[in-house]
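In our numbering, the protein residues as written are 16 to 576.
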Amino acid sequence: MIDPITLAVLEGGLQSAIREMREVLVRSGRSPIIAISTDFSNSIFDPSGEQVVQGDDQPVHLGSMQVALGEVIRFFEDDISDGDVIYVNDPTYGGGHQADMTMFKPVYIAGDLVAWVGTRAHVSDSGGPVAGGYNPLAREIYAEGIRISPLKIWERGQLRRDVLTMLLLNLRTPEAHRGDMGAQLGALGVAQRRLESLSGSLGTAALREGMSALLDRGQQLARESIASLPDGVYPGHAFLENPAGDEPLDIWSEITVEGDRLAVALRGSPQIDRYFNSYFGNSISAIYAGLLTVFPKDTPHNGGVYRCVDIDLGPEGSIVNAVEPTPSSMATSTPFDNIMEAVEAALAQAAPERAVAGWSHFCGSTFAGLDSRTGERFSHLSTMSGIGGAGAMWRTDGWSCCSPQCTFGGMRTGNVEEIEFRIPMRIHRFEFRPDSEGPGQWRGGFGMALEMEPLEPRIVVSNIGEGYVLAPPGQDVPPEFESDRATFKRSVRNASGSVDAIVPHTVIDLHAGEVLVSESPGGGGIGDPRRRDRGALRADIDNGLISPDRAARVYGWDPEG
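Rendered as structure tokens:
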């Protein structure tokens with residue numbers, strides 16, 4: 016049995032390796048979504064594919080990388096060799112959507128497989144008829160970009176140029192993608208060298224025993240957290256907008272707590288021929304992310320925690336257990352966030368003090384065209400255009416102008432100058448949207464207001480996401496205050512000054528002289544807004560975030576009181 020000191024040294028070494036992987040991607044990634052927004056995750060796995068440690072990057076990948084590696088191991092069986100690097104993005108093999116490219120590498124020491132290292136990164140383009148990896152017009156998965164089943168992009172240390180050439184020919188931004196692949200490979204190389212160093216200093220046997228011990232410890236911590244919840248069956252429900260019709264779609268969860276085990280049954284409306292569907296790997300990841308609210312913040316993100324959770328996604332063919340050929344390019348935010356909300360709604364009954372109100376969902380734009388400054392094509396997912404307000408938590412207001420809950424607010428937008436340097440767009444306004452918060456004793460965060468103008472004669476804009484109709488839900492907020500909520504608005508202000516609303520889920524041309532205007536909702540609140548602390552309310556009024564009229568109407572504000 017490994018001693019505690021050696022285990023601590025090993026754990027520190029693995030965490031250090033994960034942090035170094037992050038630095039490689041940030042410093043070497045070509046696409047802004049990687050280098051600026053940090054839309055990636057890194058993990059180290061044991062030889063069987065169980066996740067030992069994952070970086071504090073994007074929760075949207077939590078658990079799904081372990082699912083994807085399991086699919087890779089089943090696919091290749093014994094056909095894995097030292098020097099192989101495997102590339103995969105397909106949702107039917109545990110991926111989230113095709114824009115997330117995952118790279119795995121087995122780590123051999125003295126001829127024995129001792130670990131796997133992996134990295135998943137969102138790239139600037141994944142092919143298909145619409146640039147940027149999201150196609151609101153897709154009716155089948157085949158229209159959402161290139162689908163990559165597990166393949167060896169490097170075999171026994173040799174780059175397969177035929178495979179790489181075929182891949183890059185399908186993409187609008189091949190040089191950026193080549194650079195992003197190099198960054199991912201560099202991150203895997205760093206992790207491999209750190210594992211080799213740990214094996215050299217501690218011994219391979221200690222490395223194996225230590226990874227097993229870390230998994231067991233994660234399992235024990237999760238069991239203790241689950242055991243603190245009262246036994247029972249707790250139902251939860253969430254809505255999501257239906258891009259194919261007027262009636263909203265449904266997601267139901269049922270969480271059963273029994274002793275130190277927890278079971279989640281997830282059900283959803285029948286899958287639709289639009290991009291709001293989730294395949295199994297993505298849904299599993301969303302469930303794990305939703306469960307984080309019941310685990311202490313120092314609980315490791317590893318397979319030991321997942322051992323304590325039984326998941327049932329129900330029959331195939333629903334929006335939470337989709338099957339071919341349904342599209343799913345929005346899956347990593349919608350219905351990912353909605354699945355989290357359904358899980359959190361159930362958990363709020365078991366642990367009300369850990370309740371989380373709904374966050375603003377991702378409802379943004381992708382921009383694509385030719386950058387005359389460089390002569391290169393560009394494809395850019397604007398995280399700046401998709402941020403909104405976070406939901407409140409018990410005794411805590413929600414964050415303002417942050418990325419959606421699938422990222423826990425951890426995805427960066429970049430500053431104005433940085434974005435203007437990267438893409439041919441001028442940003443005229445980027446600020447908080449007043450009166451957009453979800454009211455409550457603890458209010459939700461505020462949404463944003465953004466105005467962007469193209470510097471090229473024409474760029475293509477994809478209008479994607481959710482939030483045009485349904486505002487992020489509050490918790491224990493009187494219904495009369497939930498009806499007065501901001502939702503997402505997007506429009507084009509023409510050179511003449513006239514304004515045209517943009518139809519959701521469309522692809523449009525934006526021309527020089529036109530300004531794209533985006534306004535996002537805030538997060539949901541918790542509790543009765545009339546009980547909000549007067550000092551906190553006064554600060555919001557003084558800062559111009561809540562108008563005096565709204566303060567009086569919703570919060571019962573009396574400036575003379």
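Think of the CB as a built atom: it goes at the ideal place given N, C-alpha and C, for glycine as much as any other residue. Fair warning: this is a prediction, and the values are worked out from it, not measured in the lab.
In the three-state scheme derived from DSSP, where H, G and I count as helix and E and B as strand, I163 is classed as coil. Judged by beta-carbon spacing, G225 lies within the 8 Å limit of L25, meaning their Cβ atoms are closer than that value. Straight-line spacing of the CA atoms in R410 and W457 works out to 6 Å.
Listed in chain order, the beta strand (DSSP E) runs fully inside the segment 224-304 are 247-255, 264-273, 276-283, counting runs of at least 3 residues. Contact check between the segment 552-568 and the segment 471-480: fewer than three CB pairs, one atom from each, fall below 8 Å, which does not count as touching. In this structure, the straight-line span from the alpha carbon of V248 to that of L362 is close to 10 Å. Annotation: the continuous beta strand (DSSP E) that includes H137 extends over 127-137. DSSP, reduced to helix, strand and coil, places H526 within a strand of the structure shown.
In the DSSP assignment, S394 falls within the unbroken beta strand (DSSP E) covering 391-397. Nearest neighbour of E269 by Cα position, chosen from Q235, D195, Q364, turns out to be Q364. Taking C-beta atoms under 8 Å as the contact rule, L186 and G142 qualify, at a distance of about 5 Å. Residue range 563-570 is occupied by the alpha helix (DSSP H) that includes D564. Distance between P536 and S380, taken at the CA atoms: about 15 Å.
By the neighbour-count criterion, in which 16 or more other beta carbons inside 10 Å mark a residue as buried, A130 falls on the buried side. If you check the CB distance, G424 and P487 do not come in under 8 Å.
By the CB criterion at 8 Å, T398 and S52 fall inside the cutoff.
A straight-line Cα-Cα distance of about 28 Å links P19 and S56. Under the 8 Å Cβ criterion, the segment 282-290 counts as touching the segment 341-360, having at least three qualifying pairs.
By the Cβ neighbour-count rule, N317 is buried, with 16 or more other Cβ atoms within 10 Å of its own.
I556 has its alpha-carbon roughly 6 Å from the corresponding atom of S562. In the three-state reduction of the DSSP assignment, S212 falls in the helix class. D515 is bridged by DSSP to V507.
The three-state reading of DSSP puts Y157 in helix, counting H, G and I together. Shown here for G44: same chain residues with a beta carbon closer than 6 Å to its own, the five before and five after excluded, namely A50, D195, A198 in chain order.
Contact between E471 and S394 is absent: CB atoms are separated by about 13 Å, not below the 8 Å threshold. Taking a contact to require three or more Cβ pairs closer than 8 Å, the segment 94-105 and the segment 163-174 qualify as touching. Each residue's CA atom was taken as its position, placing L40 and I163 some 21 Å apart.
Under the criterion of beta carbons closer than 8 Å, H252 and A357 qualify as touching, at roughly 6 Å. With respect to G413, G462 sits apart: the two C-beta atoms are not nearer than 8 Å. Rounded to the nearest whole angstrom, the C-alpha separation of G110 and Q234 is 25 Å. The continuous alpha helix (DSSP H) containing F496 extends over residues 494-497. Selection R276, I354, V309 evaluated against D325 yields R276 as nearest (Cα-Cα).
With a minimum length of 4 residues, the unbroken runs of alpha helix (DSSP H) contained wholly in the segment 404-467 fall at 431-437. The beta-carbon distance between G78 and S300, rounded to whole angstroms, is 4 Å. This is short enough to meet the 8 Å contact definition. Under the three-state reduction of DSSP output, F90 falls in the helix class. As the crow flies, the alpha-carbon of S418 is around 22 Å from that of P258.
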